[in-house]
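Shown next, in structure tokens, is the structure this report addresses.
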Amino acid sequence: MKTLMFILVIAYYITIVIKSITTIVKSITRLLDSISRLKESLHKLRNRPDGNQDDFNE
Numbered sequence: 159m160k161t162l163m164f165i166l167v168i169a170y171y172i173t174i175v176i177k178s179i180t181t182i183v184k185s186i187t188r189l190l191d192s193i194s195r196l197k198e199s200l201h202k203l204r205n206r207p208d209g210n211q212d213d214f215n216e
């Protein structure tokens with residue numbers, strides 16, 4: 159009976175670790191997605207055709 163409880167406890171901790179890892183991976187994926195969107199926005203902002211590129215240098 160003790161070995162069964164031990165196996166169940168280990169399985170429980172393994173599932174917690176797996177859930178934590180998937181949460182971390184999702185967070186990193188969201189962060190990278192946000193960074194790429196930010197780079198895209200900055201690139202669009204820099205290449206505006208209205209001639210206001212010098213506003214940032216003043």
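Numbering (our numbering), first residue to last: 159 to 216.
C-beta: ideal position from N, C-alpha, C; glycine also.
Note to self: Rounding to the nearest angstrom, what Cα-Cα distance links K177 and F164 in this structure?
What the structure shows: 20 Å
Margin query: I'd like the list of long-range same chain contacts for I182, defined as Cβ closer than 7 Å, with 5 residues on each side in sequence excluded.
Written below: none
Item checked: Through-space distance from T173 to I186, alpha-carbon basis -> 20 Å
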